[in-house]
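So for the sequence shown, the numbering used here puts the first residue at 24; every next one is plus one.
Where is the CB? At the ideal position from N, CA and C, for every residue including glycine.
Right, one structure below, let's go through it.
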Amino acid sequence: MSEDRYATGLRLNKEWAAQTARSHPELFPTLASGQTPQILWIGCSDSRCPETTFLGLQPGDVFVHRNIANVLHPGDLSSSAVIEYAVQYLRVNHVVVCGHTSCGGVAAALGNKNLGILDPWLFPLRQLRERNLKLLQSMPSEEAAGKLAELNVREGLNIVKQKSVVLNAIRERGLQLHGLIYDVGSGVLSELDTEDSEEVIRARLTAFHTE
24 MSEDRYATGL
34 RLNKEWAAQT
44 ARSHPELFPT
54 LASGQTPQIL
64 WIGCSDSRCP
74 ETTFLGLQPG
84 DVFVHRNIAN
94 VLHPGDLSSS
104 AVIEYAVQYL
114 RVNHVVVCGH
124 TSCGGVAAAL
134 GNKNLGILDP
144 WLFPLRQLRE
154 RNLKLLQSMP
164 SEEAAGKLAE
174 LNVREGLNIV
184 KQKSVVLNAI
194 RERGLQLHGL
204 IYDVGSGVLS
214 ELDTEDSEEV
224 IRARLTAFHT
234 E
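Below, the structure written as structure tokens:
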């Protein structure tokens, strides 16, 4: 009988820790004294999307918030606390919202099944579907799922951009925001064109500081 993945993981952890300590002897002592990640990553809980692994980075490089379908609710305390801590206190240089192909949450939002506790969580995705229904219905199902995943990333970035801590960091130190889609079938990341013009950024900042 094959070893289960939990037992395998515990066994391989010791090998990984020893190998990492040999190849990067400064890493664990540095991490023990604190963290200075440059990236805040907001992604999906999907087990196929391990951000540090497919970015080729090390522990300590990426501060992470993951949830079902990388949905950002404006009033969600969990994601809001992560964003504020990462931007204001860890002073990350990049905020990433990343969706992915073959996303179960996106597929669920495209349908109308009763999903229990997932229904209120996926409600923003279903609102996106309704707002873009004509476009999505004109596409084959796989293409529609990919398009909804992209729209969800863009919507998440819009919510991030409305947070005062983010707007201040953009103005004061050039914080950068990025939208990505991860292809689980190839392991490749694609960057969405989400760059705001200088005029849009100035308008957001002006609106915030005059409220």
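Can you tell me which residues form a DSSP beta bridge with residue i?
i      : result
GLY202 : VAL120
GLY98  : In DSSP, GLY98 forms no bridge with anything.
Starting from residue i, trace the beta strand (DSSP E) in both directions and tell me its first and last residue.
i      : result
VAL85  : 85–90
SER213 : 211–214
ILE65  : 62–67
Of all the options the options, which has the alpha carbon lying nearest to the alpha carbon of residue i?
i      : options                        : result
ILE182 : PRO60, ILE106, GLU214          : ILE106
GLY83  : LEU50, TYR108, GLU214          : LEU50
CYS72  : LEU215, ILE204, GLU178, THR53  : ILE204
SER313 : ASP142, TYR112, ASN90          : No statement about residue 313 is possible, as the shown extent of the chain runs from 24 to 234 and does not include it.
ILE62  : ALA44, GLU38, ALA109           : ALA109
ASN116 : TRP144, HIS96, GLU195          : GLU195
ASN155 : GLY169, TRP144, ASP142, PRO143 : GLY169
LYS186 : SER25, ALA104, ASN137, GLY134  : ALA104
Should residue i and residue j be called a contact, given that it needs their Cβ atoms to be closer than 7 Å?
i      : j      : result
TRP64  : VAL94  : no
LEU148 : ALA130 : no
GLY202 : VAL120 : yes
ALA92  : GLY57  : no
ASN175 : GLY98  : no
VAL85  : PRO60  : yes
GLN111 : VAL188 : yes
CYS126 : ALA167 : no
LEU180 : THR217 : yes
THR124 : ASP206 : yes
VAL3   : LEU200 : Outside the displayed span of the chain (24 to 234) sits residue 3, for which this structure offers no information.
GLY208 : PHE77  : no
Under the three-state reduction of DSSP, which class applies to residue i: helix, strand or coil?
i      : result
VAL129 : helix
ILE182 : helix
ARG71  : coil
THR76  : helix
LEU174 : helix
SER103 : helix
LEU113 : coil
Go to residue i, then tell me how far its alpha helix (DSSP H) extends in each direction, as first and last residue.
i      : result
ILE193 : 187–196
GLN42  : 28–46
ALA55  : 50–55
LYS136 : Note, LYS136: premise wrong, no alpha helix (DSSP H); not H, not E.
GLN160 : 156–160
For a cutoff of 7 Å on Cβ pairs, would you count residue i as touching chain B?
i     : result
GLN58 : Protein chain content of the structure displayed is limited to a single chain, and chain B is not contained in it.
Just to confirm, does residue i get its C-beta within under 6 Å of one of the non-hydrogen atoms of the ligand MN?
i      : result
ALA168 : As presented, the structure is devoid of all ligands, the ligand MN included, so that no description of it is given.
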